[in-house]
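**Student:** Numbering (the numbering used here), first residue to last: 891 to 1130. Pasting in a structure now, in structure tokens, and then I'll have a few things to ask.
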């Protein structure tokens, strides 16, 4: 009987399938557990179960039992335990939203965005690019594209640093400038006085966009390394 129990325990022991984190989107969270849709292709006989979604338990979240939000991006180590595929060392990725003028975006990633995937891989982040359209499908008159940058804080900061523009009217060539979109619901969390210690900061007096959520533009300009320090502070303040 003891031998049989030991064999069953071994059959259900976790077997790690990846050594580096897998990125995915939380599609459902039920207080103690949830499901993740992986971004990459996973070759495993059990991936067809549960509509291709990966199970995650509150015990396996970093920190433990911290709830996840449906729609958020996470990274995790994939395992198989005999029952199915699961996620351990699951960590929510942080997100900041940047607006880029059309020309700047096309100069960086190509006319059709063909360079975006390579840039994502290089910076180790996930990027979602959005443009707005009219109800009839024609382009809107907004002069920019929205880029959501998901990743670990350091990776998000390095990515925005790479996207930021150097101020042409600045005497110092190391002064960087970026326009961030900050959800109205998060604005109260931001300590503007603290951020102003790092450089210039301006929040738009009116709402910049209303869809998918009301956001204001936060324009940050600062010299290195203050530029990165300000971004780290903003992530700590406004990103759960």
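Even glycine gets a Cβ: it sits at the ideal position worked out from N, Cα and C. Every value quoted in this text rests on a predicted model; they were computed, and no experiment measured them.
What are the boundary residues of the beta strand (DSSP E) that includes residue 920?
**Tutor:** Residue 920 -> no beta strand (DSSP E), and no H or E assigned at all.
**Student:** Would a C-beta distance cut-off of 7 Å place residue 1046 and residue 1122 closer than the cut-off?
**Tutor:** no
**Student:** Are the stretch 974 to 981 and the stretch 996 to 1005 in contact at 8 Å, needing three or more beta carbon pairs?
**Tutor:** Contact between the stretch 974 to 981 and the stretch 996 to 1005 is absent, because fewer than three Cβ pairs lie under 8 Å.
**Student:** Would you call the CB atoms of residue 1066 and residue 989 closer than 7 Å?
**Tutor:** no
**Student:** Starting from the C-beta of residue 1116, find all residues in its chain whose C-beta is less than 6 Å away, skip the five residues before and the five after it, and write them out in chain order.
**Tutor:** 1088, 1089
**Student:** State buried or exposed for residue 1031, treating a residue as buried only when at least 16 other CB atoms are found within 10 Å of its CB.
**Tutor:** exposed
**Student:** Please state whether the Cβ-Cβ distance between residue 959 and residue 924 is less than 7 Å.
**Tutor:** no
**Student:** Which class does residue 1009 belong to by DSSP, given the choice of helix, strand or coil?
**Tutor:** helix
**Student:** Could you tell me whether the Cβ atoms of residue 944 and residue 928 are closer together than 7 Å?
**Tutor:** Taking a C-beta distance under 7 Å as the contact criterion, residue 944 and residue 928 qualify as a contact pair.
**Student:** Taking all protein chains shown into account, decide if residue 1069 is buried (16 or more other Cβ within 10 angstroms of its Cβ) or exposed.
**Tutor:** Buried is the call here.
**Student:** What are the boundary residues of the beta strand (DSSP E) that residue 947 is part of?
**Tutor:** Element bounds for residue 947: 944 to 947.
**Student:** Please list, in chain order, all residues of the same chain as residue 1125 whose beta carbon is under 8 Å from its beta carbon, the five residues on each side excluded.
**Tutor:** 984, 986, 1043, 1046, 1047
**Student:** Secondary structure at residue 1056, three-state DSSP: helix, strand or coil?
**Tutor:** DSSP places residue 1056 in strand when its eight states are reduced to three.
**Student:** Just tell me which of 1056, 1024, 1019 has its CA closest to the CA of residue 1039.
**Tutor:** Comparing alpha-carbon positions, the option among 1056, 1024, 1019 lying closest to residue 1039 turns out to be 1019.
**Student:** Cα separation between residue 979 and residue 1015?
**Tutor:** Within the model, the alpha-carbon separation for residue 979 versus residue 1015 is close to 18 Å.
**Student:** By Cβ distance, which residues of its chain are closer than 6 Å to residue 922, with the 5 residues on each side in sequence left out?
**Tutor:** 948
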